[in-house]
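Novice: Here's a structure for you.
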Amino acid sequence: MKRLLIINADDFGYSHTVNVAIQRAHREGILTSASLMVGEEGFEEAVEMAREMPALGVGLHLTLTLDTPVLPAKTIPHIVTPQKKLESDPFRAGLRYTFSKTAQRELFAEMEAQFARFAQTGLDWSHVDGHQHFHLPPIVWDEMLRLCVQYGVRRIRYPYEPILDHLRSGGQSINLDTIAALIFRLLRKRNLGSLRRYEQKSGQTFFLCGHVYGHLQTGQMSEAYTLKLLERLKETTSEVYFHPGANHAHLLPLEQQTEGVKDVELHALLSPKVLCVLTSGGFQLGSYAQTEAMLKSITQ
519 MKRLLIINAD DFGYSHTVNV AIQRAHREGI LTSASLMVGE EGFEEAVEMA
569 REMPALGVGL HLTLTLDTPV LPAKTIPHIV TPQKKLESDP FRAGLRYTFS
619 KTAQRELFAE MEAQFARFAQ TGLDWSHVDG HQHFHLPPIV WDEMLRLCVQ
669 YGVRRIRYPY EPILDHLRSG GQSINLDTIA ALIFRLLRKR NLGSLRRYEQ
719 KSGQTFFLCG HVYGHLQTGQ MSEAYTLKLL ERLKETTSEV YFHPGANHAH
769 LLPLEQQTEG VKDVELHALL SPKVLCVLTS GGFQLGSYAQ TEAMLKSITQ
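Structure representation (structure tokens):
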């Protein structure tokens, strides 16, 4: 059975530290894809790096919570804090976006601005996903689909991973991420139904991976966990995403990184052991676009 796998890094463009880690993970490791934040300080550098790495698929990391908006704070006063950042608590943000028409108008304007800024880079659209998976609340999801149709984006991330298998593989115990994952599952049927309606209306077919892994182990996608995860991947199409560059340890050679000073997720992306499992297991790595194309070739 063919196993098509996307290895993605989130938060491309967040900072120089993150950008360099992602660049290294692609050039020296197994990284095939990255999700770009268009409002952060490392955005322009990330775009230049992406142009020098044409094999790296780059998509939009839609940022609607926690971090920096694209629009000036004074134009979206109902969805930013006094520090000119977006609401840090996804639950509070969800309530505000759902029940305040004013907040909705500002939200939609910010979403449009982020899509437009990505389009202005001239980079090929790989996919769209959401920071903290905040593209999944229905009010956001439906507007995102409209923008995807408008900008011709056909590939979207939907996080979906078995919780019990995660726990059996030594993953982090039940926490807020687990609760969030259950909410994502409750929304899945509704959101996929909305997606199918947009497909019928627009004539545009969307591509989603069968499973997407990384949420339940956010920040701790270590070499050991990744090896166990790969052993249990059975789906034809999967995405596994990481957050390399969480600290400056990536600047050190791997042999000089200690347990106390280690970028554990970059370490996994550069691991010879992980590469060996991918090679011996017959995985085919690619970006979202490449994976979609490979899937079509084996199903025709």
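For the sequence shown, the residue numbers in the working numbering are 519 to 818.
For each residue, glycine too, the CB sits at the ideal point set by N, CA and C.
Every value quoted in this text rests on a predicted model; they were computed, and no experiment measured them.
Suppose only complete runs of 3+ residues qualify. What are the beta strand (DSSP E) ranges in the segment 604-659, listed by chain order?
Specialist: Listed in chain order, the complete beta strand (DSSP E) runs (minimum 3 residues) inside the segment 604-659 are 646-648.
Novice: On a Cα-Cα basis, can you pick out the residue from GLN541, LEU682, ARG708 and ASN526 that is closest to GLY648?
Specialist: Checked all of GLN541, LEU682, ARG708 and ASN526; the closest Cα to GLY648 is ASN526.
Novice: Can you list, in chain order, the residues of its chain with a C-beta nearer than 7 Å to that of GLN690? Leave out the 5 residues immediately preceding and following it.
Specialist: Excluding sequence neighbours, GLN690 sits near LEU734, GLN735 and GLN738.
Novice: Pick from LEU523, THR535, ARG706 and PHE725: whose alpha carbon is nearest that of PRO667?
Specialist: According to the sequence as given, residue 667 is Val; it is not Pro. Minimum Cα distance to VAL667 is reached at PHE725.
Novice: Below 8 Å on the Cβ atoms is my contact criterion, and I expect LEU745 with GLY547 to pass it. Report the Cβ-Cβ distance as a whole number of Å.
Specialist: Not confirmed; about 14 Å, so no contact.
Novice: Rounded to a whole number of angstroms, what is the C-alpha to C-alpha distance between SER553 and GLU559?
Specialist: Distance between the alpha carbons of SER553 and GLU559: 15 Å.
Novice: Just the C-alpha distance for THR723 and ILE816, rounded to the nearest angstrom, thanks.
Specialist: The straight-line gap from Cα to Cα measures roughly 18 Å.
Novice: Please state whether the Cβ-Cβ distance between GLN650 and THR583 is less than 8 Å.
Specialist: Yes, the pair counts as a contact, with Cβ atoms nearer than the cut-off.
Novice: Using a threshold of 8 Å, state whether the C-beta atoms of GLY804 and LEU522 are closer than that.
Specialist: In contact: GLY804 and LEU522 (Cβ atoms closer than 8 Å).
Novice: DSSP beta-bridge partners for TYR743?
Specialist: Paired residue(s): none; TYR743 is not in a bridge.
Novice: Assign ASP504 to buried or exposed, taking buried as 16 or more other Cβ atoms, counted over all protein chains shown, within 10 Å of its Cβ.
Specialist: Any question about residue 504 goes unanswered here, given that the chain covers just 519 to 818.
Novice: Whose C-alpha, out of VAL658, GLY732 and ASP695, is nearest the C-alpha of ARG708?
Specialist: Here the closest residue by C-alpha is VAL658.
Novice: Does the segment 624-644 touch the segment 583-602, meaning 3 or more C-beta pairs lie closer than 8 Å?
Specialist: Counting Cβ pairs under 8 Å, three or more are found: they touch.
Novice: Output the distance between the C-alpha atoms of TYR489 and LEU663, rounded to the nearest integer angstrom.
Specialist: Any property of residue 489 remains undetermined from this structure, which presents the chain solely from 519 to 818.
Novice: State the DSSP-derived secondary structure class of ILE540, mapped to helix, strand or coil.
Specialist: Note: ILE540 maps to helix in three-state DSSP.
Novice: DSSP puts THR552 in a beta bridge; with which residues?
Specialist: It should be noted that the sequence gives Ala, not Thr, for residue 552. According to DSSP, which records beta bridges pairwise, ALA552 is partnered with ALA527 and VAL576.
Novice: Which residues share a DSSP beta bridge with THR755?
Specialist: Per DSSP, LEU522.
Novice: Below 8 Å between beta carbons: does that hold for LEU784 and ALA564?
Specialist: Contact: no.
Novice: Which class does GLN775 belong to by DSSP, given the choice of helix, strand or coil?
Specialist: Reliability of the predicted coordinates at GLN775 is poor, the pLDDT of 49 falling under 50, and the value obtained from them is presented with this limitation in mind. Coil.
Novice: State whether the segment 677-687 contacts the segment 695-712, with contact taken as three or more CB pairs (one from each stretch) at a distance under 8 Å.
Specialist: Yes, the segment 677-687 is in contact with the segment 695-712.
Novice: Are ARG673 and HIS645 close, meaning C-beta to C-beta below 8 Å?
Specialist: Against a cut-off of 8 Å, the Cβ pair of HIS645 and ARG673 comes out as a contact.
Novice: Using only the alpha-carbon positions, how far apart do PRO790 and SER798 sit?
Specialist: Approximately 12 Å, taken between the alpha carbons.
Novice: Could you give the DSSP three-state label for ILE674: helix, strand or coil?
Specialist: Three-state result, ILE674: strand.
Novice: Kindly indicate which three-state DSSP category PHE690 falls into: helix, strand or coil?
Specialist: Sequence check: residue 690 is Gln here, not Phe. The answer is coil: DSSP assigns GLN690 none of H, G, I, E or B.
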